Structure formats: C-alpha cells, structure tokens
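Residues in the sequence shown are numbered from 9 upward in steps of one, following the numbering used here. Using N, Cα and C, we set each Cβ at its ideal position, and we do this for glycine too. In this text, all values refer to a predicted model and were calculated from it rather than measured experimentally. Reviewing the structure listed below.
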Amino acid sequence: MLNGIFSVMIVFSIIYSCFLGTISKILEGGLNSVLQTVELMVSILSTMCVFSGMMNVLNESKVTEKIANILKKPLKLLFKDVKNDKAFGVMSMNITANLLGLGNAATPFGIKTMEELKGNEKKATNSMCLFAVMNTASIQIIPSTILAIRILGGSKTPFSVIVPIWICSFLALVTGIVCAKISERRK
C-alpha cells in the first residue's frame, strides 16, 4: 500500500516539475541522494566492522559463553514450561549476542531457538511469543549502529546516548515481559 502511495507521489512530482521546468533539479537531487546514501552505508559498514571485530574478540575470549551461562538461570524462571536444555543454550546465546550489539550474529540463534521452542506445535506457544518479545525489546550494552551513525554525523559526544538507551530498552523489555505474561494468563 505504501509503495503505491510513494509511487504516485513520485510520478506526480516528476510530472509537476516538468510543467514548472525544474526536472533538472529533481534529477540532481535524486543523484545526490543516491551518493549520500552510498557514502553513509560505506561509513556505517566500516564502523560496524570495527565493532564486530571487538565482539569477535569477546567471543574468542569466551566472554559470550560466560554471559550465556549466567543468563540460563533467569531464563529458566521466565520459561517455566520449557524443558529443552538445548533451547536454553541457543536462547542465551541469542540474548548474549543482542546484549553485545551483534544483531546479525543473534539472528541464527533466534531462529534456532524458535525451532527448539516450537517442537511439534502447529501454533506459536506462549514461550515462543515471550521469546519474540524479549528478542524484539532486547537490551544492548553496546548499541553499535546508533553509535556509528552519531560518530559519522560528527557528534562531539556520540556515547552520551548509551545510558538513556539502556534505561529505555530495559523499561521496554520489562513492559514486554509483563504484557506477555498477562496475555499468557488470559488464555
């Protein structure tokens, strides 16, 4: 639906600019936008490589495994109906990757967790819904993408947003868990 709306707006703008004789400005603006987008993506990619390298060091030094082991006990309290230890293993690795700002590394663990939680069920279980909420509202110790954009934008204090991000993401996570548990009880 939105694609259709945007397409109509773009076509209308181009036709209107033809009548005004400003089509060259639209072409110039479009090409400049493409150039700025490519520059931003290359800059973000390079910054993400630095953060991913730091995260690989944490992974190689077994810090991620230690965090995952710490997370298993609280997860067992939240997911009381899950008896599958393998599910807790991949779930804690997913949450650990999210904590460390490795969203791309967290995705395969998240998919595997959902497979483990699903079992033979045809519909989403309460545990699957709770995990989806926790995965969506995850806390990031190092919000690398936001930091990269702030650094590239020339912020004098790019790291000043970390504490507010922690607070907001913690509140979002707690709210999500509470809502999921309330929804679970209503069934």
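Task: Sequence-distant residues of the same chain with beta carbon closer than 6 Å to Phe-87, five excluded per side - done: These residues qualify, in order along the chain: Ser-135.
TODO: Tell me, to the nearest whole angstrom, how far the beta carbon of Gly-118 is from that of Ser-152; I am working on the premise that it is less than 8 Å.
DONE: Their Cβ separation, rounded to whole angstroms, is 18 Å, which puts Gly-118 and Ser-152 out of contact at 8 Å.
- [ ] Starting from Asn-102, trace the alpha helix (DSSP H) both ways and give me its first and last residue.
- [x] Note, Asn-102: alpha helix (DSSP H), 93–107.
TODO: Within the same chain, show all residues whose beta-carbon is closer than 7 Å to that of Leu-83, passing over the 5 residues directly before and after it, in chain order.
DONE: Phe-96, Met-99, Ser-100
Open item on the list: Let's test the definition: count the other Cβ atoms within 10 Å of the Cβ of Thr-165 and tell me whether it reaches 16, buried, or not, exposed.
Closed with: exposed
Task: Inter-residue Cα distance where the pair is Lys-70 and Ala-114 - done: Approximately 16 Å between the Cα atoms of the pair.
Task: Cutoff 6 Å; reference Glu-106; Cβ partners in own chain excluding five residues on either side - done: Just to set this straight, residue 106 is Asn in the shown sequence, not Glu. Ala-114, Ser-146, listed in sequence order.
TODO: Note down the Cα distance separating Ile-34 from Gln-148, rounded to an integer number of angstroms.
DONE: 40 Å
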